[in-house]
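J.:
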Amino acid sequence: MMKAGKPDFRAASAKSENLCRQGCLSNCNCLAYYFGGPSITDNLEQGCSMWTSVLTDLQEDIDRGHNLSFRVAVSAIETTSRDCQTCGKHIIPYPLSTGPNCGDLSYHSFICNDSRGQLFFLNNSYEVININKEDRRFVIQVNRQRAENCDARSGRVLQFSPSMPFNVTNWCYNEPLTSIQAGQMIEITWKPPPEPICNSLKDCRGWPDSNCSTAIDKRKRCLCNPNYKWNNLTLKCISAIVADSNRSEQKPQLSVNRIAVIISSLAIAIVMLACSLCFVVYRRRILANRKESRKSIAGNPVFYLDDSETQAADLVVGDDEIVDVPYFSMESILAATDNFSDTNKLGSGGFGPVYKGMFPGETEIAVKRLSSHSGQGLEEFRNEVVLIAKLQHRNLVRLLGYCIQRSEKILLYEYMPNKSLDTFIFDQSRCILLNWNLRFNIILGIARGLLYLHQDSRLRIIHRDLKTGNILLDEEMNPKISDFGLARIVQGYETEANTQKVVGTYGYMSPEYALEGLFSVKSDVYSFGVILLEIIGGKRNTTGFYRSEEVLSLLGYAWRLWQENKAMDLVDKKLLESCNGTEVVKCINIGLLCVQDDPSDRPAMSNVLTMLSSETTTLPSPNQPTFLARRRASSTSLSSKAETNSINEITISAEEGR
Numbered sequence: 003m004m005k006a007g008k009p010d011f012r013a014a015s016a017k018s019e020n021l022c023r024q025g026c027l028s029n030c031n032c033l034a035y036y037f038g039g040p041s042i043t044d045n046l047e048q049g050c051s052m053w054t055s056v057l058t059d060l061q062e063d064i065d066r067g068h069n070l071s072f073r074v075a076v077s078a079i080e081t082t083s084r085d086c087q088t089c090g091k092h093i094i095p096y097p098l099s100t101g102p103n104c105g106d107l108s109y110h111s112f113i114c115n116d117s118r119g120q121l122f123f124l125n126n127s128y129e130v131i132n133i134n135k136e137d138r139r140f141v142i143q144v145n146r147q148r149a150e151n152c153d154a155r156s157g158r159v160l161q162f163s164p165s166m167p168f169n170v171t172n173w174c175y176n177e178p179l180t181s182i183q184a185g186q187m188i189e190i191t192w193k194p195p196p197e198p199i200c201n202s203l204k205d206c207r208g209w210p211d212s213n214c215s216t217a218i219d220k221r222k223r224c225l226c227n228p229n230y231k232w233n234n235l236t237l238k239c240i241s242a243i244v245a246d247s248n249r250s251e252q253k254p255q256l257s258v259n260r261i262a263v264i265i266s267s268l269a270i271a272i273v274m275l276a277c278s279l280c281f282v283v284y285r286r287r288i289l290a291n292r293k294e295s296r297k298s299i300a301g302n303p304v305f306y307l308d309d310s311e312t313q314a315a316d317l318v319v320g321d322d323e324i325v326d327v328p329y330f331s332m333e334s335i336l337a338a339t340d341n342f343s344d345t346n347k348l349g350s351g352g353f354g355p356v357y358k359g360m361f362p363g364e365t366e367i368a369v370k371r372l373s374s375h376s377g378q379g380l381e382e383f384r385n386e387v388v389l390i391a392k393l394q395h396r397n398l399v400r401l402l403g404y405c406i407q408r409s410e411k412i413l414l415y416e417y418m419p420n421k422s423l424d425t426f427i428f429d430q431s432r433c434i435l436l437n438w439n440l441r442f443n444i445i446l447g448i449a450r451g452l453l454y455l456h457q458d459s460r461l462r463i464i465h466r467d468l469k470t471g472n473i474l475l476d477e478e479m480n481p482k483i484s485d486f487g488l489a490r491i492v493q494g495y496e497t498e499a500n501t502q503k504v505v506g507t508y509g510y511m512s513p514e515y516a517l518e519g520l521f522s523v524k525s526d527v528y529s530f531g532v533i534l535l536e537i538i539g540g541k542r543n544t545t546g547f548y549r550s551e552e553v554l555s556l557l558g559y560a561w562r563l564w565q566e567n568k569a570m571d572l573v574d575k576k577l578l579e580s581c582n583g584t585e586v587v588k589c590i591n592i593g594l595l596c597v598q599d600d601p602s603d604r605p606a607m608s609n610v611l612t613m614l615s616s617e618t619t620t621l622p623s624p625n626q627p628t629f630l631a632r633r634r635a636s637s638t639s640l641s642s643k644a645e646t647n648s649i650n651e652i653t654i655s656a657e658e659g660r
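Taking my numbering, the leading residue of the sequence shown gets 3, the next gets one more, and so forth.
Okay, here's the thing in structure tokens:
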């Protein structure tokens with residue numbers, strides 16, 4: 003029941019409520035109508051009354067009020083257009099998301115198995131049993147083996163990053179939703195969402211009374227129009243006039259007893275506030291000591307850290323940053339990898355061994371255990387956790403979680419069954435599995451991933467350690483760039499930077515980076531050129547090619563063959579039957595352009611992709627690259643084992659396949 007100010011006019015001809023309603027709908031200026039008996043308090047007469055201007059003195063839930071009908075947009079009372087499609091029996095309400103085109107991306111933690119009609123939470127880790135939209139809660143099923151010990155679950159089964167919009171409300175949920183035995187389910191609630199993210203005005207069409215604008219968090223959102231406010235419970239923009247009017251007009255009379263209760267409450271609140279202030283002062287002293295000690299942790303090879311996600315996140319990131327991936331407990335990682343057994347070992351990278359882990363829900367995850375002697379310290383670990391979590395591209399490996407405990411630093415990635423590219427192209431038996439079409443698609447995929455890093459992502463990123471060992475292959479042989487521990491972010495339109503500590507892999511570093519410490523997006527282009535020629539030739543750049551009195555690198559050998567118009571002699575003999583000669587020569591030309599001495603002579607990755615994809619583009623001729631040869635007398639054999647040499651803050655690693 004509502005009360006409002008005096009109506010603007012009466013429709014005497016409307017003898018029924020239906021006629022009164024039709025009259026309001028036919029008048030574009032009509033905002034509300036009332037049909038009924040007279041009211042002295044509201045200045046309402048018998049029959050049909052209408053309002054065409056903003057309603058004043060509007061009150062809701064008032065005794066002796068009346069039923070007023072308001073005009074609203076149809077879209078304001080319909081469900082949001084961003085709701086995800088139903089998954090089996092589950093209706094997935096906004097903001098929960100199963101993909102990039104529905105829901106809120108901050109809640110993109112669900113995957114729908116359409117073939118079985120099952121909904122999973124956290125990358126197929128837990129099956130969703132029930133979703134309650136009204137209470138913003140859902141229930142997941144956990145591993146049957148851990149169902150008997152509910153108290154242990156809170157520390158081992160599931161832990162959320164502080165930035166994730168989920169909270170566990172019941173570790174031992176036992177309401178009989180299904181035939182599942184009590185104690186095998188966990189109840190989780192999700193936080194009310196902020197305004198929806200948008201890219202343009204059309205993304206806000208499903209959100210009436212809003213426009214796509216930049217919010218306080220610097221992201222574009224469907225912000226409510228003036229005189230409207232966002233309601234994160236109804237997920238709509240509501241009239242601020244109505245909301246403010248309700249608050250200002252409803253002033254209930256306070257009784258003596260109620261005043262006494264308020265005074266007592268204030269007294270209790272003052273006491274509690276005093277206690278809280280004492281605690282805050284004490285807490286700030288503790289945090290100040292922790293910040294001082296944090297500076298020395300990176301140089302300490304063994305440090306102690308409690309098994310707490312909050313403390314781990316506090317160590318990994320700064321005060322103004324948020325970890326966007328889940329924290330995994332050491333107990334769950336040890337169980338998934340069978341205590342890092344050799345049978346689960348996939349190989350060894352430059353920074354430590356990689357293991358295959360089997361997590362709840364039959365989810366396979368690659369677990370990289372960083373070696374304490376690898377040279378990748380806390381700063382590189384932090385860089386990888388914070389950086390990769392913000393990147394999403396089909397040709398970049400996905401970071402699924404992290405763990406840090408005492409001296410252990412662990413990263414968890416999506417599992418790549420075919421391991422790395424170098425295990426194929428440099429292996430005499432496995433290289434035949436990659437025909438020319440597969441290799442060309444791998445070249446294109448690497449180029450697309452690099453273009454995303456350099457230009458298309460929300461961050462401009464230089465990888466600095468691009469090599470065949472860091473190119474992983476999924477089950478369909480699609481390439482994914484990995485290992486971002488040495489990556490650097492450049493701001494705005496910057497494309498280069500410098501460093502006093504040169505790190506990278508021998509054979510892939512550009513001359514200006516190896517000699518002067520200057521790195522840029524063109525440094526990655528150089529590494530890409532080396533990889534392209536290695537894919538074609540099936541040999542590492544560090545391989546010696548003997549010509550006269552010189553020992554040529556792969557780049558030098560490719561350049562000599564190019565000068566002699568014998569470019570096809572570079573091609574791996576296993577490829578001769580399947581390769582396209584014109585396409586191969588074009589790729590060799592592009593590879594030589596990418597390894598030019600002067601960074602300005604190297605093409606950008608956008609131009610590289612255009613040249614690779616076009617059949618008509620005329621390519622420029624390359625110039626002679628640097629470091630082509632060395633004399634036989636000074637040549638030395640390269641060790642096949644991974645090693646790290648540091649001289650005057652220059653760190654170079656010899657590469658080993660995973």
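Think of the CB as a built atom: it goes at the ideal place given N, C-alpha and C, for glycine as much as any other residue.
For residue 95 versus residue 106, is the C-beta distance shorter than 8 Å?
T.: Against the sequence shown, residue 95 aligns to sequence position 93. Against the sequence shown, residue 106 aligns to sequence position 104. It is not a contact, given that the beta carbons lie outside the stated cut-off.
J.: Counting C-beta neighbours from all protein chains within 10 Å, is the total for residue 617 16 or more, i.e. buried, or is it exposed?
T.: Taking the first residue of the sequence shown as 1, we reach residue 617 at position 615. Residue 617 is exposed by the Cβ-count criterion.
J.: Please report how far the alpha carbon of residue 166 lies from the alpha carbon of residue 108, in whole angstroms.
T.: As a position in the sequence shown, residue 166 is number 164, starting the count at 1. As a position in the sequence shown, residue 108 is number 106, starting the count at 1. Each residue's Cα considered, the two are about 7 Å apart.
J.: Quick test of the definition: if touching needs 3 or more C-beta pairs under 8 Å, does the stretch 449-460 touch the stretch 502-519?
T.: Cβ pair count under 8 Å is below three, so no.
J.: Roughly how many angstroms lie between the CA atoms of residue 139 and residue 169, to the nearest whole one?
T.: Residue numbering aside, residue 139 sits at position 137 when the sequence shown is read from its first letter. Residue numbering aside, residue 169 sits at position 167 when the sequence shown is read from its first letter. Roughly 10 Å between the two C-alpha positions.
J.: Residue 12 to residue 190, Cα distance in whole Å?
T.: Position 10 of the sequence shown, counting from 1, holds the residue named residue 12. Position 188 of the sequence shown, counting from 1, holds the residue named residue 190. Answer to the nearest angstrom: the Cα atoms are 53 Å apart.
J.: Can you name the residues that DSSP bridges to residue 410?
T.: By 1-based counting over the sequence shown, the position of residue 410 is 408. Note: residue 410 sits in a beta bridge opposite 407.
J.: Is residue 50 closer than 8 Å to residue 22 when the C-beta atoms are compared?
T.: The residue labelled residue 22 in the question sits at position 20 within the sequence shown. The residue labelled residue 50 in the question sits at position 48 within the sequence shown. Yes.
J.: Can you say whether residue 254 is buried or exposed, counting buried as having 16 or more other CB atoms within 10 angstroms of its CB?
T.: Taking the sequence shown and counting its residues from 1, one reaches residue 254 at position 252. Bear in mind that the predicted position of residue 254 carries a pLDDT of just 49, short of 50, making it unreliable; the figure below should be weighed with that in mind. Exposed: under 16 other Cβ atoms inside 10 Å.
J.: Report all residues from its chain with a CB closer than 7 Å to the CB of residue 626; omit the five preceding and five following residues, and keep chain order.
T.: Your numbering for residue 626 matches position 624 in the sequence shown. If we look at residue 626 and ignore the five residues flanking it on each side, its Cβ neighbours are 561.
J.: In whole angstroms, what separates the C-alpha of residue 581 from that of residue 451?
T.: The residue given as residue 581 occupies position 579 in the sequence shown. The residue given as residue 451 occupies position 449 in the sequence shown. Each residue's alpha carbon lies about 24 Å from the other.
J.: Excluding sequence positions up to five away, which residues of its chain have a Cβ less than 7 Å from the Cβ of residue 128?
T.: Here residue 128 refers to the residue found at position 126 of the sequence shown. Cβ neighbours of residue 128 beyond the five flanking positions: 122, 142, 143, 144, 362, 363.
J.: Can you tell me where the beta strand (DSSP E) holding residue 17 begins and where it ends?
T.: For the purposes of this step, residue 17 is taken as residue 15 along the sequence shown, with counting starting at 1. No beta strand (DSSP E) contains residue 17, which DSSP labels as neither H nor E.
J.: Report the rounded CA-to-CA distance for residue 397 versus residue 53, giving the unit in angstroms.
T.: Here residue 397 refers to the residue found at position 395 when the sequence shown is read from its first residue. Here residue 53 refers to the residue found at position 51 when the sequence shown is read from its first residue. The straight-line gap from Cα to Cα measures roughly 59 Å.
J.: Residue 415 and residue 401 - do their beta-carbons sit closer together than 8 Å?
T.: By 1-based counting over the sequence shown, the position of residue 401 is 399. By 1-based counting over the sequence shown, the position of residue 415 is 413. Going by C-beta atoms, residue 401 is nearer than 8 Å to residue 415.
J.: Quick one: using the 10 Å Cβ neighbour count with 16 as the cut-off for buried, is residue 596 buried or exposed?
T.: Sequence index remark: in the sequence shown, residue 596 carries index 594 (1-based). That one is buried.
J.: Is it right to say residue 14 is buried, meaning 16 or more other beta carbons lie within 10 angstroms of its own, or is it exposed?
T.: As a first step, residue 14 must be located in the sequence shown, where it is residue number 12. Exposed, since its Cβ has fewer than 16 Cβ neighbours within 10 Å.
J.: Tell me which residues share the same chain as residue 411 and place their Cβ nearer than 7 Å to its Cβ, disregarding the 5 neighbours each side in the sequence.
T.: Within the sequence shown, the letter at position 409 stands for residue 411. Result list for residue 411: 372, 383, in chain order.
J.: Can you name, in chain order, every residue of its own chain whose Cβ lies under 7 Å from the Cβ of residue 242, other than the five neighbours on each side?
T.: Translated into positions along the sequence shown, residue 242 becomes position 240. Cβ neighbours of residue 242 within its own chain (closer than 7 Å, five residues either side excluded): 229, 230, 231.
J.: On the premise that residue 234 lies in contact with residue 196, defined as a C-beta separation below 8 Å, what is that separation, rounded to the nearest angstrom?
T.: Taking the first residue of the sequence shown as position 1, residue 196 is located at position 194. Taking the first residue of the sequence shown as position 1, residue 234 is located at position 232. Yes, residue 196 and residue 234 are in contact; Cβ-Cβ is about 7 Å, under 8 Å.
J.: Starting from residue 87, follow the alpha helix (DSSP H) in both directions and report where the run begins and ends.
T.: Position 85 of the sequence shown, counting from 1, holds the residue named residue 87. Taken as a continuous stretch (DSSP letters only), residue 87 belongs to no alpha helix (DSSP H), as it is neither H nor E.
J.: Just curious, the alpha helix (DSSP H) that residue 332 is in, first and last residue?
T.: Here the question's residue 332 lines up with position 330 in the sequence shown. In this chain, the alpha helix (DSSP H) harbouring residue 332 covers 332-338.
J.: Residue 406 to residue 422, Cα distance in whole Å?
T.: Within the sequence shown, the letter at position 404 stands for residue 406. Within the sequence shown, the letter at position 420 stands for residue 422. Looking at the backbone, the Cα of residue 406 and that of residue 422 are separated by about 25 Å.
J.: So, is residue 275 buried or exposed, given that buried needs 16 or more other C-beta atoms within 10 angstroms?
T.: Position 273 of the sequence shown, counting from 1, holds the residue named residue 275. Residue 275 comes out exposed.
J.: Where does residue 262 land, buried or exposed, given buried means 16+ other C-beta within 10 angstroms?
T.: By one-based count along the sequence shown, residue 262 stands at place 260. That one is exposed.
J.: DSSP three-state call for residue 420: helix, strand or coil?
T.: For the purposes of this step, residue 420 is taken as residue 418 along the sequence shown, with counting starting at 1. Residue 420: coil per DSSP, three-state reduction.
J.: Indicate the three-state DSSP secondary structure (helix, strand or coil) for residue 186 in the structure shown.
T.: Walking along the sequence shown from the start, residue 186 turns up at place 184. Taken through DSSP and simplified to helix, strand or coil, residue 186 comes out as coil.
J.: Under three-state DSSP, which class holds residue 469?
T.: Here residue 469 corresponds to residue number 467 of the sequence shown, with the count starting at 1. Residue 469 falls in the coil class under three-state DSSP.
J.: Work out the CA separation of residue 125 and residue 101 for me, nearest whole Å.
T.: Residue mapping note: residue 101 aligns to position 99 of the sequence shown, counting from 1. Residue mapping note: residue 125 aligns to position 123 of the sequence shown, counting from 1. Distance between the alpha carbons of residue 101 and residue 125 is about 12 Å.
J.: Measuring alpha carbon to alpha carbon, tell me which of 91, 435, 403 ends up nearest residue 387.
T.: By 1-based counting over the sequence shown, the position of residue 387 is 385. Of 91, 435, 403, the residue nearest in Cα terms is 403.
J.: With residue 576 and residue 540 assumed to form a contact (beta carbons below 8 Å), what rounded beta-carbon distance in angstroms separates them?
T.: Your numbering for residue 576 matches position 574 in the sequence shown. Your numbering for residue 540 matches position 538 in the sequence shown. That pair is a contact at about 7 Å.
J.: Does the distance from the CB of residue 427 to the CB of residue 481 come in under 8 Å?
T.: The residue given as residue 427 occupies position 425 in the sequence shown. The residue given as residue 481 occupies position 479 in the sequence shown. At least 8 Å separates the beta-carbon of residue 427 from that of residue 481.
J.: Check residue 510 in the structure and name its three-state DSSP category.
T.: Taking the first residue of the sequence shown as position 1, residue 510 is located at position 508. Three-state result, residue 510: coil.
J.: At which residues does the beta strand (DSSP E) containing residue 369 begin and terminate?
T.: What you label residue 369 is simply residue 367 of the sequence shown in a count that begins at 1. That run of the beta strand (DSSP E) goes 365-371.
J.: From the beta carbon of residue 475, is the nearest beta carbon of chain B less than 8 Å away?
T.: Protein chains in the displayed structure number just one, and chain B is not present.
J.: Please classify residue 542 as buried or exposed, where buried requires at least 16 neighbouring CB atoms within 10 angstroms.
T.: One-based indexing of the sequence shown puts residue 542 at position 540. Buried.
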